[in-house]
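Structure, as structure tokens:
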Amino acid sequence: MKKPRVLLADDHKIVIEGLKNLLRDEFEIVGSVEDGRALVKQASTLHPEVIVADISMPQLNGIEAARQIKKIDNNIRIVFLTMHPDATYAANAFEAGASGFVLKHSASSELIKAIHDAIKGRTYVSPLVAGDLIRSYQEGDSPGKKMFKKLSPRQREILQLLAEGKSAKEIASKLNISTRTVEFHKYKMMEQLNFKTSTELLQYAIKHGLITV
13 MKKPRVLLAD
23 DHKIVIEGLK
33 NLLRDEFEIV
43 GSVEDGRALV
53 KQASTLHPEV
63 IVADISMPQL
73 NGIEAARQIK
83 KIDNNIRIVF
93 LTMHPDATYA
103 ANAFEAGASG
113 FVLKHSASSE
123 LIKAIHDAIK
133 GRTYVSPLVA
143 GDLIRSYQEG
153 DSPGKKMFKK
163 LSPRQREILQ
173 LLAEGKSAKE
183 IASKLNISTR
193 TVEFHKYKMM
203 EQLNFKTSTE
213 LLQYAIKHGL
223 ITV
């Protein structure tokens, strides 16, 4: 019987190796990457059945990568494996098209089930997060999430890179746009979200789980 094809994404090599050891008996590991931008590229090339990805990754966080991947191939299932036990991250992950949300310290007991559920079209959430996630949906979108939805995918990419400490010049080079365009997007975000400084913008985004660092 052919094994389901899985792509791994985490910026810690020791985690990748641990995942390979955990999953290789039941799944074919088709590759591994260490940042979100590489994940999008590999997903579009390899078209795995399932991606197991961290949320906190450099260049492009896992949630933004998921949004891009689902536009490329909506059949790819994405299971997030994260250290964040916060319902805000889970809600953002599922809004981006995730099929699973597993806490890293529960990986050995939950991840394989989460992957199989994803393949079957089901959703899996770590029990430690499930209750808070249900409550967050009952309460509806938070003001922070509503505000963040105003931002374009390009703006969210720039916000992620700003949070990593990249300069406007470095961001421009990475995204193949001009420095002036980066600055325009930054000030446009501050205007849209009603902040006077870029520091306020970054603190708000991190506090509400809108970007990861």
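For what it's worth, my numbering labels the leading residue of the sequence shown as 13, then goes sequentially. Every residue gets a Cβ at the ideal spot worked out from N, C-alpha and C, and that includes glycine.
Between which two residues does the beta strand (DSSP E) holding residue i run?
i      : result
Ala21  : Arg17 to Ala21
Thr94  : Arg89 to Thr94
Leu163 : First-last for Leu163: undefined, no H or E at that position.
Gly48  : First-last for Gly48: Gly48 to Leu58, but that is the alpha helix (DSSP H), not the beta strand (DSSP E).
Comparing alpha-carbon positions, which option in the options lies nearest residue i?
i      : options                           : result
Glu169 : Asn73, Thr94, Thr211 and Glu61    : Asn73
Asp47  : Met95, Ile28 and Arg36            : Ile28
Glu38  : His128, Ala119 and Ser121         : His128
Arg49  : Ile81, Asp98, Gln215 and Arg192   : Ile81
Phe196 : Lys186, Asn188 and Ala180         : Ala180
Leu140 : Lys116, Lys162 and Ile124         : Lys116
Met95  : Val114, Ala108 and Arg89          : Val114
Glu176 : Ile26, Arg89, Met69 and Lys53     : Met69
Leu163 : Ala110, Ala217, Gly112 and Leu123 : Ala217
Based on the DSSP secondary-structure assignment, which residues constitute the bridge partners of residue i?
i     : result
Glu40 : Arg17
Val64 : Leu20 and Val91
Val45 : Ala21
Take the Cβ of residue i as the centre, count every other Cβ of all protein chains shown within 10 Å, and call the residue buried at 16 or more, exposed below.
i      : result
Asn33  : exposed
Tyr199 : exposed
Gly133 : exposed
Glu76  : buried
Asp85  : exposed
Arg36  : exposed
Glu40  : exposed
Gly143 : exposed
Pro165 : exposed
Leu58  : exposed
Asn206 : exposed
Could you check where the alpha helix (DSSP H) with residue i kicks off and where it finishes?
i      : result
Ile189 : Per DSSP, Ile189 belongs to no alpha helix (DSSP H) and is neither H nor E.
Leu31  : Lys25 to Leu35
Gly74  : Gly74 to Ile84
Would you check whether the ligand NAP has a heavy atom nearer than 7 Å to the C-beta of residue i?
i      : result
Ala130 : Judged by which ligands are present, the structure shown has none, so any question about the ligand NAP falls away.
Only counting runs of 4 or more residues, tell me where the alpha helix (DSSP H) segments fall wholly within the region 102-147, in order along the chain. List check, alpha helix (DSSP H) in window: 119-131.
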